[in-house]
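J.:
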Amino acid sequence: MTTKKIVVFGFLGVQLDRDTGPGRWERWRPTVALGQQEDLGPARIELFTEERYQILADTVAADLALVSPGIEVRRNPMAIKNPWDFEEVYARLADFCRSYTFDPDEEDYLIHITTGTHVAQICLFLLCESGHLPGRLVQTSPSPRMNGPVVGTYSIIDLNLSRYDRLAARFESERNDTQTALKSGIKTNNAAFNTAIAEIEKVAVRSKDPILLMGPTGAGKSRLAKRIFELRKARSPLRGEFVEVNCATLRGDSAMSALFGHVKGAFTGAQTDRTGLLRAADGGLLFLDEIGELGRDEQAMLLRALEEKRFLPFGSDKAVSSDFQLICGTNRDLGNDARQGRFRDDLLARINLWTFTLPSLRDRPEDIAPNLDYELERLARATGRKTRFSKEALDLYLKFARGPEALWPGNFRDLNASLTRMATLAPGGRIGRETVETEIVRLRRQWSPESARDSDDLRLLRDLMGDAAEKLDRFERVQLLDVLKVCKESRSLSEAGRTLFAVSREEKKGANDADRLRKYLLRFGLEFERARGGR
Numbered sequence: 303m304t305t306k307k308i309v310v311f312g313f314l315g316v317q318l319d320r321d322t323g324p325g326r327w328e329r330w331r332p333t334v335a336l337g338q339q340e341d342l343g344p345a346r347i348e349l350f351t352e353e354r355y356q357i358l359a360d361t362v363a364a365d366l367a368l369v370s371p372g373i374e375v376r377r378n379p380m381a382i383k384n385p386w387d388f389e390e391v392y393a394r395l396a397d398f399c400r401s402y403t404f405d406p407d408e409e410d411y412l413i414h415i416t417t418g419t420h421v422a423q424i425c426l427f428l429l430c431e432s433g434h435l436p437g438r439l440v441q442t443s444p445s446p447r448m449n450g451p452v453v454g455t456y457s458i459i460d461l462n463l464s465r466y467d468r469l470a471a472r473f474e475s476e477r478n479d480t481q482t483a484l485k486s487g488i489k490t491n492n493a494a495f496n497t498a499i500a501e502i503e504k505v506a507v508r509s510k511d512p513i514l515l516m517g518p519t520g521a522g523k524s525r526l527a528k529r530i531f532e533l534r535k536a537r538s539p540l541r542g543e544f545v546e547v548n549c550a551t552l553r554g555d556s557a558m559s560a561l562f563g564h565v566k567g568a569f570t571g572a573q574t575d576r577t578g579l580l581r582a583a584d585g586g587l588l589f590l591d592e593i594g595e596l597g598r599d600e601q602a603m604l605l606r607a608l609e610e611k612r613f614l615p616f617g618s619d620k621a622v623s624s625d626f627q628l629i630c631g632t633n634r635d636l637g638n639d640a641r642q643g644r645f646r647d648d649l650l651a652r653i654n655l656w657t658f659t660l661p662s663l664r665d666r667p668e669d670i671a672p673n674l675d676y677e678l679e680r681l682a683r684a685t686g687r688k689t690r691f692s693k694e695a696l697d698l699y700l701k702f703a704r705g706p707e708a709l710w711p712g713n714f715r716d717l718n719a720s721l722t723r724m725a726t727l728a729p730g731g732r733i734g735r736e737t738v739e740t741e742i743v744r745l746r747r748q749w750s751p752e753s754a755r756d757s758d759d760l761r762l763l764r765d766l767m768g769d770a771a772e773k774l775d776r777f778e779r780v781q782l783l784d785v786l787k788v789c790k791e792s793r794s795l796s797e798a799g800r801t802l803f804a805v806s807r808e809e810k811k812g813a814n815d816a817d818r819l820r821k822y823l824l825r826f827g828l829e830f831e832r833a834r835g836g837r
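Set out below in structure tokens:
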């Protein structure tokens, strides 16, 4: 069997190889050390040199001939103007590789990465990894001098990672752990959802650009945003905190103040300065849930804050700064809203770089069982009381939960509420058939057409008014819903007023229907454009 010749490629070390005087043998010189390794024995060294270091190159070549008689040193001039210019160094080395005649059947190639600038070492690594330099990496190192010359040691690095099954398995395990964390530890089975999570994991680690999470209410946008923050904080030095705000709860001046802060005296009641949520998120992550509910003025301010990292607090003429990362959530079709003029298209373009749609619970029937297990464990930790299904009860519940009757309008919130009720009512911590049957009756009644209408009405009012919608009497709710219906069907405030006050206006000499309607809407913190579905 014929032994292949060892050929080493490497840069002349203008710092580490630099001595040319008689004392040079007292120092470790990595290029010369290549010829001093008894069990390495290179037949040829392809030395990358620069013209201005010819004297040093002569000395190194002569010393290699002394320590390893018969070794051939080929000089390969490299006309590099800036050895720290990555593009230039890589181009010169790539040109060399294209012109060089490799003979892998007769020669074994090593790439010396101890000498040269860090840029040169990286370029050699990349060319080796890509196969342009078909060989293995060799690293030389000094060792404490004993008796005789300073030889040092060397080690071979093979970039064929397919040999490292244990290392590859570790990387795969870490990736799976990360994706499981993004799913709150729930082992989900839905292919579309798992694909989205795999993409989100890459984006969360590699990009600081805004992320837009779309999907119906209760699909898990808020929970996922918090998990993304935790992942980024673990992988990169996020110095700030997670700040969450539901934009549907922000109205008028309070929206500007809550997001961007205000100065004392900016409006009635502003008795002190307020920092605002954007500055609270400085260095951290801001999650704007239901971003489609923001007014256009707030949208414009947010766009400037994203692009310039600066903005004006409400009532101030002095800009402040905040460097935050942004995640947005919405259950609206922002593209349609932009076409209708309800959402700024320039802001949408800015936040629409990484957009992920979370499927509804009805689209993930295979994930109901894993979520039940997760919620039971969560309830056990929260209450100190462990609850389990009987097999018969679990089969019955899953058959209903996955079937056509199960609407799940609130998605995972509805599922969590359903499980909480059963766990609370279950005798002896065991959810049996009777408990499940009672819950199914409750859900069918809750999802009946009449109840669905009530839920839709309440959802509409909640979108417009936030938590204040829950405080309305049924009488006020019915009346306000009828007014909103008229507003949606009218082209102007005056037209809506004429429709609503068609009878009583005949009794008034100077009736101002528009003013009457405006004052009525203001009682609920609403303006006409917002009431009819605009901003």
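Using my numbering, you'd call the opening residue of the sequence shown number 303 and step up by one each time. From the three backbone atoms N, C-alpha and C, an ideal C-beta is built for every residue, glycine too. Treat the numbers as computed from the prediction; the structure is a model and nothing was measured.
1. Just confirm the distance between the C-beta atoms of L587 and F616, as a whole number of angstroms; I'd bet it's less than 8 Å.
2. On the DSSP letters alone, give me the boundaries of the alpha helix (DSSP H) that Q748 sits inside.
3. From V805 to S796, what does the alpha carbon distance come to, in whole angstroms?
4. My output table needs one value for K307: the three-state DSSP class, helix, strand or coil.
5. Would you decide whether D599 is buried or exposed? Buried here means 16 or more other CB atoms lie within 10 Å of its CB.
6. Out of curiosity, what's the CA-to-CA distance linking C549 and L655?
7. According to the Cβ coordinates, are I413 and L395 closer than 7 Å?
8. State the Cα-Cα distance for the pair F495 and L636, rounded to the nearest angstrom.
9. DSSP three-state label for H564, please.
10. For the region 327 to 405, which segments carrying the beta strand (DSSP E) assignment without a break, of at least 3 residues, lie completely within its bounds, in sequence order?
11. Hey, would you say F562 sits closer than 7 Å to G542, going by beta carbons?
12. Hey, how far is the Cα of G517 from the Cα of N814?
13. Report the three-state DSSP secondary structure of D575 (helix, strand or coil).
14. Which one of Y456, L828, R529 and N384 has the shortest CA to CA distance from L342?
15. Apart from the five residues on each side of it in sequence, which residues of its chain come closer than 7 Å, Cβ to Cβ, to G836?
16. From the DSSP output, which residues share a beta bridge with Y456?
17. Mind checking K523: buried by the 16 CB within 10 Å criterion, or exposed?
18. Quick check: the region 816 to 835 against the region 786 to 794, are at least 3 beta-carbon pairs closer than 8 Å?
19. Scan the region 767 to 813 and note each continuous beta strand (DSSP E) run of 3 residues or more that stays entirely inside, going in chain order.
20. CB-CB under 6 Å to M303, same chain, minus the five flanking residues each way: which ones, in chain order?
21. Alpha carbon to alpha carbon, how far is G768 from R641?
22. Please state the DSSP three-state secondary structure of Q317.
23. Let me make sure I understand the geometry here. Which of E736, F589 and G631 has the alpha-carbon closest to that of A521?
24. Excluding the five sequence neighbours on either side, which residues of its own chain have a C-beta within less than 8 Å of the C-beta of F658, listed in chain order?
25. Please report the straight-line C-alpha distance between Q441 and D407, rounded to a whole angstrom.
26. Specify the secondary structure class of H420 as computed by DSSP and reduced to three states.
27. Report the residue from N491, L649 and H420 whose alpha carbon sits nearest the alpha carbon of R606.
28. For the candidate residues T740, P661 and Q601, whose alpha-carbon lies nearest to that of A728?
29. Do you know offhand how far T726's Cα is from R764's?
30. What does a CB cutoff of less than 6 Å around M724 pick up in its chain, not counting 5 residues either side in sequence?
31. If you follow the beta strand (DSSP E) that F830 is in, where does it begin and where does it stop?
32. Quick check on the burial criterion: 16 or more other C-beta atoms within 10 angstroms. Buried or exposed for D559?
33. Sort M380, D675 and G705 by Cα distance to R664 and report the nearest one.
34. Measure from the alpha carbon of F350 to the alpha carbon of each residue in T322, Q423 and W327, then state which is nearest.
35. Is H564 buried or exposed, if buried means 16 or more other CB atoms sit within 10 Å of its CB?
36. Which runs of the beta strand (DSSP E) spanning at least 3 residues fall entirely within the region 672 to 698, listed in chain order?
T.: Let's see:
1. Actually they do not touch by this definition, with Cβ atoms about 23 Å apart.
2. R735 to Q748
3. 15 Å
4. strand
5. exposed
6. 21 Å
7. no
8. 21 Å
9. strand
10. 346 to 351 and 374 to 379
11. no
12. 43 Å
13. coil
14. Y456
15. Its pLDDT being 49, under 50, G836 is placed unreliably by the model, and the measurement read from it follows with that caveat. Same-chain partners within the cutoff: R644.
16. T442
17. buried
18. yes
19. none
20. Confidence at M303 is low in this model, with a pLDDT of 44, below 50, so its placement is unreliable and no value can be given for it.
21. 25 Å
22. coil
23. G631
24. A498, E501, I502, I513, L514, L515 and M516
25. 24 Å
26. helix
27. L649
28. T740
29. 28 Å
30. I733, T737 and E741
31. Looking at the DSSP string, F830 is not in any beta strand (DSSP E); the run it does join, the alpha helix (DSSP H), is F830 to A833.
32. Correcting the residue identity first, residue 559 is Ser in this sequence and not Asp. By the neighbour-count rule (16 or more Cβ atoms within 10 Å), S559 is buried.
33. G705
34. Q423
35. buried
36. none
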